[in-house]
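S.K.: I'd like to ask you about the structure that follows.
There are 2 protein chains.
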Amino acid sequence: MTMYGSRPTMKDVASHAGVALKTVSRVVNGEPGVKPRTAERVSRSIAELGYRRNDSARVLRKGKTASIGLVLEDIGDPFYAMLSRAVEAVAARHGSLLITGSSGEDPGRERALALAFCARRVDGLIIVPASDDHTYLLPEIDAGIAVVFADRPPRLIEADTVLTDNVRGAFDGVTHLIRGGHRRIGFIGDAPHIYTAAHRHQGYLDAMAAAALPVGGSWVSMAAPDAGSVGSALRRMLSGPEPVTAVFCGNNRTTVLALRELRRTGAAVALAGFDDLELFDLLTPAMTVVAQSTGEIGRTAAELLFRRIGGYMGPAECVELPASLIVRGSGEIPPASG
Amino acid sequence: MTMYGSRPTMKDVASHAGVALKTVSRVVNGEPGVKPRTAERVSRSIAELGYRRNDSARVLRKGKTASIGLVLEDIGDPFYAMLSRAVEAVAARHGSLLITGSSGEDPGRERALALAFCARRVDGLIIVPASDDHTYLLPEIDAGIAVVFADRPPRLIEADTVLTDNVRGAFDGVTHLIRGGHRRIGFIGDAPHIYTAAHRHQGYLDAMAAAALPVGGSWVSMAAPDAGSVGSALRRMLSGPEPVTAVFCGNNRTTVLALRELRRTGAAVALAGFDDLELFDLLTPAMTVVAQSTGEIGRTAAELLFRRIGGYMGPAECVELPASLIVRGSGEIPPASG
DNA sequence: TTGAAAGCGCTACCAG
DNA sequence: CTGGTAGCGCTTTCAA
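First to last, the protein sequences are chains W and X.
Numbering-wise (this note's numbering), the first sequence opens with residue 1 and increments by one.
Numbering-wise (this note's numbering), the second sequence opens with residue 339 and increments by one.
Now the structure itself:
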């Protein structure tokens, strides 16, 4: 065993095997033009010294890292975990490693992560934006780093983007509630500056307008979700002279929080939400949701990215994937008489 | 804007600003000893050229990458997503990036990922083992790469390890079912070569033995879980002359699969399982589980890792975290008369 | 089939 | 306070 902290280099292997450094390089990289006997001898030295190629040096020389970066909001959220899984699968197929970072919805952190990845010279970047200005990426894109946006579009720059049709999804969900006989329907969204939150809110408004239904003053909540904000929003829309009989939630977090609040109070309200979660189908009643193709978003984004990395130079493309209503019961509770 | 694919280097910045390369280096790295006026001029050149330090070169020179690798089973699994989140938080605090790879329970892929990370010269590695031989890591450890194991211990080598007390956890869960009056209790585990599966199985056997209860021939299933295997195992243990009245599941996946099967058949069986999931508390009945401190496992592993990276040379340490029984209802269904 | 030399972009070390 | 030089470990290029 070598001394602690040491690391054999190609040079070490070369002198151990009695060949030139370049010959070792050829063997390590499986390049042709090495006599089998020589290759054999080199391989033995490699094994004996425990040599492992230093990819840092390789990267420096070649300019390609065979790695991509993924900036998302929170790797602990099931939605993003699924997205990561899909991205990782595609990356693995391309022989690429995946570096992940969570922005926590903080624009500064998104930027710091993206630039840190660029400093490592990742071949490409998939970003779920938290920032409202992506011009900071222009020098990077100009220098040849491929960038694809997922879940939300870029701001102030153009790039390949993969989105869910959020307006249409929310429209379908809310329309479903309306068809169930509801006329007073609440919407619990997220911070209004978040693209998906804004679009789903729009889908809600469109559906209400299409059915010629008014929207009461206390029926909409657009705030970063936590137990407190969702709870009080729900209490507000369920009380007063015009209580809602159904609620549509803007994402998996608000849905779960609303669910907990409704369980606590025992209110019999129809509930549907954007995003599906693993156990939603086992609840009583099971959750009616508008489901995104989470894996498909990640897969598509990764494939667009590798197309760019592969040299594709076409104009920026935006892929919009459909969301689909899954009827399970919670959204089919009829409106209370009145 | 520079030509496509170009990238200004320190040398470019230096000549642009009319200073020596080393001065640029000082400014970029915030080193002292540069006159404010000079620094200002350099900063302007940096901004103007869109310069960004090439960390590949930096890494090559310094030997430290400020990045760690995490090899786990599947980033899409909520358990590992939570673990990642905790690891990433600690890494961020140490200014380190996180490279993640999913082994899919394949020893070859675990090894390939770990070695790929080492080739990138990550400063350290957190591994959730799929392999039963980690001697391949010896040259890496010898060369100074810190390695910590999480969720499952290393095989044939020694290293810091963070585990849950799986035997005790399963023992407590099964004992709880026994206290509820059950005498015939089934166990649905995972592939027996998986450490956690084996230990939880042991905890089950211990609990049965401690209560002097026999274990029927068809009461235990140790197989990689899918709807088919769990379904048939469950049908087997619920039929025949000695049907179980309660089932303990070995992890979140088997629990969910069993839950679905029981819903499908409508069998009234007490059910408890290892691992908690987000919506388990909202089911009817809510799931009684033995919960691990998932975030704590990740946090502890990451902290042990950075202690090693920081130069700590003490003997390998094994931290065992407790699992705690959460009583919610599904495990308190009394045994059917008979 | 093999080898020698140049240099990727940066930091460490020593001069001025 | 500033600059030059060496060299991290590898690949590229060209020569033998």
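Beta carbons: idealized from backbone N, C-alpha and C, even for Gly.
All of these numbers come straight from a predicted model, not from anything done at the bench.
1. Within the region 418-452 of chain X, note down every full alpha helix (DSSP H) run reaching 4 residues or more, in order along the chain.
2. Of the residues W:Arg121, W:Gly189, W:Leu98, which one's Cα is nearest the Cα of W:Asp275?
3. Using 10 angstroms around the beta-carbon of X:Asp515, count the other beta-carbons present and answer buried if the total reaches 16, otherwise exposed.
4. Kindly indicate the opening and closing residues of the beta strand (DSSP E) around W:Glu320.
5. Taking the beta carbon of X:Ala606 as the centre, do at least 16 other beta carbons fall within 10 Å, making it buried, or is it exposed?
6. Could you name the residues of the same chain whose beta carbon sits closer than 6 Å to that of W:Val148, not counting the 5 residues immediately before and after it, in chain order?
7. Cβ closer than 8 Å: which chain X residues qualify as neighbours of W:Ala119?
8. With a floor of 3 residues, list each beta strand (DSSP E) that falls wholly inside the region 525-590 of chain X, ordered by position along the chain.
9. Taking Cβ positions only, does X:Pro477 come closer than 8 Å to chain W?
10. Return yes when the Cβ of X:Asp461 is within less than 8 Å of the Cβ of X:Leu434, no when it is not.
11. I'd like to check one pair, X:Gly541 with X:Ala610: are the Cβ atoms closer than 8 Å?
12. So, is W:Tyr80 buried or exposed, given that buried needs 16 or more other C-beta atoms within 10 angstroms?
13. Using the beta-carbon of each residue, which ones in chain W are nearer than 7 Å to X:Ile413?
14. Does the beta carbon of X:Arg637 come closer than 8 Å to any beta carbon on chain W?
15. X:Ala395 by DSSP, collapsed to three states: which one?
16. What are the residues in the region 621-655 of chain X lying within 7 Å of chain W by C-beta distance?
17. Name, please, each residue of chain X whose Cβ falls closer than 9 Å to the Cβ of W:Ile99.
18. Check X:Asp480 in the structure and name its three-state DSSP category.
19. In whole angstroms, what separates the C-alpha of W:Ala91 from that of X:Glu634?
20. Going by C-alpha to C-alpha distance, which of X:Leu408, X:Ala661, X:Gly555 sits closest to X:Gly578?
21. Is W:Ser45 close to chain X, meaning its C-beta is less than 8 Å from at least one C-beta of that chain?
22. Leaving out five residues on either side along the sequence, give the residues of the same chain with a beta carbon under 6 Å from the beta carbon of W:Tyr51.
23. With distance defined between alpha-carbon atoms, name the residue in X:Phe586, X:Asp412, X:Ile413, X:Leu572 nearest to X:Leu600.
24. My output table needs one value for X:Gly669: the three-state DSSP class, helix, strand or coil.
25. In angstroms, rounded to a whole number, what distance separates the CA positions of W:Ser15 and W:Leu21?
26. Check the C-beta distance from W:Tyr195 over to W:Arg152 and give it rounded, since I have them as a contact under 8 Å.
27. Please name the residue or residues paired with W:Ser131 in a DSSP beta bridge.
28. Would you say W:Leu163 and W:Glu320 are within 8 Å of each other, going by their C-beta atoms?
29. In chain order, what residues of the same chain have a beta carbon less than 7 Å from the beta carbon of W:Phe117, not counting five sequence neighbours either side?
30. Using a C-beta to C-beta distance shorter than 8 Å, which residues of chain X count as neighbours of W:Ala227?
31. Determine whether the Cβ of X:Ser469 lies closer than 8 Å to any Cβ atom of chain W.
32. If you measure from the beta carbon of X:Met617 to each beta carbon in chain W, is any gap under 8 Å?
33. With 16 as the cutoff for other CB atoms within 10 Å, does W:Thr135 come out buried or exposed?
34. Quick check on the burial criterion: 16 or more other C-beta atoms within 10 angstroms. Buried or exposed for W:Ala198?
35. Can you find a CB in chain W that lies within less than 8 Å of the CB of X:Val351?
M.R.: Working from what's here:
1. Complete alpha helix (DSSP H) runs here, min 4: none at all.
2. Nearest C-alpha to W:Asp275: W:Gly189.
3. Looking at the sequence itself, residue 515 of chain X is Leu, so the reference to Asp does not match. Result: buried.
4. For W:Glu320, the enclosing beta strand (DSSP E) has its first and last residue at 318-321.
5. Label assigned to X:Ala606: exposed.
6. Excluding positions up to five away in sequence, the list reads Ile126, Asp160, Ala301, Leu304, Leu305.
7. The answer, in chain order, is Arg390, Arg391, Asn392, Asp393.
8. Contiguous beta strand (DSSP E) elements confined to the region 525-590 of chain X occur at 584-587, taking only those with 3 or more residues.
9. Output row for X:Pro477: interface = yes.
10. The question names Leu, yet the displayed sequence has Ser at residue 434 of chain X. Contact flag set, yes.
11. Cβ atoms of X:Ala610 and X:Gly541: not closer than 8 Å.
12. A buried status is given to W:Tyr80, since no fewer than 16 other beta-carbon atoms sit within 10 Å of its beta-carbon.
13. Within chain W, the residues near X:Ile413 are Ala81, Ser84, Arg85, Glu88.
14. No, no contact with chain W.
15. The answer is helix: DSSP assigns X:Ala395 an H, G or I state.
16. Against chain W - using a Cβ distance shorter than 7 Å - the residues of the region 621-655 of chain X are Leu621, Thr622.
17. The contacting residues are Ser405, Leu435, Leu436, Ile437, Thr438.
18. Three-state result, X:Asp480: helix.
19. The straight-line gap separating the alpha-carbon atoms of W:Ala91 and X:Glu634 is approximately 29 Å.
20. Comparing alpha-carbon positions, the option among X:Leu408, X:Ala661, X:Gly555 lying closest to X:Gly578 turns out to be X:Gly555.
21. Not closer than 8 Å to any Cβ of chain X, the Cβ of W:Ser45 fails to qualify, so no.
22. Closer than 6 Å at Cβ, skipping near neighbours: Pro8, Val13.
23. Considering only X:Phe586, X:Asp412, X:Ile413, X:Leu572, the residue with the shortest C-alpha distance to X:Leu600 is X:Leu572.
24. For X:Gly669, the three-state secondary structure derived from DSSP is helix.
25. If I take the Cα positions, the gap works out to 8 Å.
26. With a contact defined as Cβ atoms closer than 8 Å, W:Tyr195 and W:Arg152 qualify at about 4 Å.
27. According to DSSP, which records beta bridges pairwise, W:Ser131 is partnered with nothing at all.
28. For W:Leu163 and W:Glu320, yes; Cβs fall inside 8 Å.
29. So the qualifying residues of the chain are Gly69, Ile99, Leu125.
30. Against chain X, the beta carbon of W:Ala227 has no neighbour under 8 Å; the closest one sits roughly 14 Å away.
31. At a cut-off of 8 Å, the C-beta of X:Ser469 has no neighbouring C-beta in chain W.
32. Checking the sequence shown, residue 617 of chain X turns out to be Leu, not Met. So, interface residue.
33. Counting every other CB atom within 10 Å of its CB across the protein chains shown gives W:Thr135 a total below 16, marking it as exposed.
34. So W:Ala198 ends up on the buried side.
35. Cβ-Cβ to chain W under 8 Å: no for X:Val351.
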